[in-house]
Amino acid sequence: MDAAFLINKHPKLVKETYFCGMSTSNKKLKLWELDRVSPEEFKEQQKFPVVVILDSIRSLNNVGSFFRTCDAFNVEKLYLCGITATPPHREITKTAIGATESMEWEHVENVLELCDRLKAEGYQLCTIEQTENTTLLQNLPEVKGEKFAVVFGNEVDGVNQEIVDRSNYVLEIPQFGTKHSLNVSVCAGVVLWEFAKRFI
Ligand SMILES: C[S@@+](CC[C@H](N)C(=O)[O-])C[C@H]1O[C@@H](n2cnc3c(N)ncnc32)[C@H](O)[C@@H]1O
């Protein structure tokens, strides 16, 4: 995918590293100086070939957080599956802070049917989970021209085993501390940035 469409709006994408020396001014930017696209412009903007699937996410705050992160990383569409709650909802709005207006989303009851349909449409099914045979996120191979359907799982039960079994890749974020897993919406930031980097 050619990200030339992003360069005018985001000139920093082609700049080099700035060394923050004592003599260099580095004022924090105000919200309006960030010059973001409007929700209407975002809807029209070409997206990265990535869709996100939430497999029965229980926390409304996590759902809202996914909206915000998917907006940031130019995701095509967010699928809210199974018991995952949908907007409008006060608790989702709290963490989405407006991204429910920009992101395209759809509720799909049967996540397995959705995964099968997206695979048939040529998406690589990438499940984010901890299983016996995972690819660590940093080792996901570079494959040109692919589109990705990225699945995140329930806070307690994780991703449905039948989805794991259908996946082209199961991706794991390495952890080095005492906790077994990360909060699922934290995973969204880590994983979706890894995908976005492929397209800029
Ligand atoms: C809190 S975890 C679920 C707990 C655990 N996977 C289980 O099945 O008991 C919720 C979701 O976060 C994601 N997740 C959390 N930590 C992860 C990690 N280190 N690598 C990959 N995915 C992770 C997965 O999508 C997982 O389904």
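Residue 1161 is where the sequence shown starts when you use our numbering, and the numbers rise one by one after that. Note that the Cβ used here is the ideal one computed from N, Cα and C, for glycine as well.
GLU1273 carries a helical assignment under DSSP once its states are collapsed to helix, strand and coil. Look at ASN1222 here: in three-state DSSP terms it is helix. Within the model, the alpha-carbon separation for LEU1189 versus GLU1264 is close to 28 Å.
With fewer than 16 other beta carbons inside 10 angstroms of its own, ARG1196 counts as exposed.
For the segment 1234-1319, the full-length alpha helix (DSSP H) segments reaching 4 residues or more read 1250-1256, 1259-1262, 1271-1280 along the chain.
Environment of ligand 1, chain-ordered: ILE1288, GLU1289, GLN1290, PHE1312, GLY1313, GLU1315, ASP1317, GLY1318, VAL1319, GLU1332, ILE1333, GLN1335, SER1341, LEU1342, VAL1344, CYS1347, taking every residue with Cβ within less than 6 Å of a heavy atom.
When DSSP states are grouped into helix, strand and coil, LEU1342 belongs to the coil group. Annotation: the continuous beta strand (DSSP E) that includes LEU1214 extends over 1208-1215. Rounded to whole angstroms, the separation of the alpha carbons of SER1341 and GLY1349 is 14 Å. In its chain, beyond the 5 residues on either side, LEU1240, HIS1267 have a beta carbon closer than 6 Å to the beta carbon of THR1246. Taking C-alpha positions only, ASN1222 is separated from SER1345 by approximately 6 Å.
Of the candidates LYS1254, PRO1199, PHE1336, ASN1293, LYS1254 places its Cα closest to the Cα of PHE1226. Taking one beta carbon from each stretch, the segment 1198-1212 and the segment 1329-1340 have fewer than 3 pairs nearer than 8 Å; the two do not touch. The Cβ atoms of LEU1220 and ILE1252 sit closer than 7 Å to each other. If you ignore the 5 residues before and after PHE1359, its C-beta comes within less than 7 Å of the C-beta of MET1161, ALA1163, PHE1208, all in its own chain and listed in chain order. Here ASP1231 is buried, its C-beta having at least 16 other C-beta atoms within 10 Å. DSSP, reduced to helix, strand and coil, places GLU1176 outside both helices and strands of the structure shown, so it counts as coil. The beta-bridge partner set that DSSP reports for VAL1330 consists of THR1287. Here DSSP, grouped into helix, strand and coil, assigns ILE1360 to coil.
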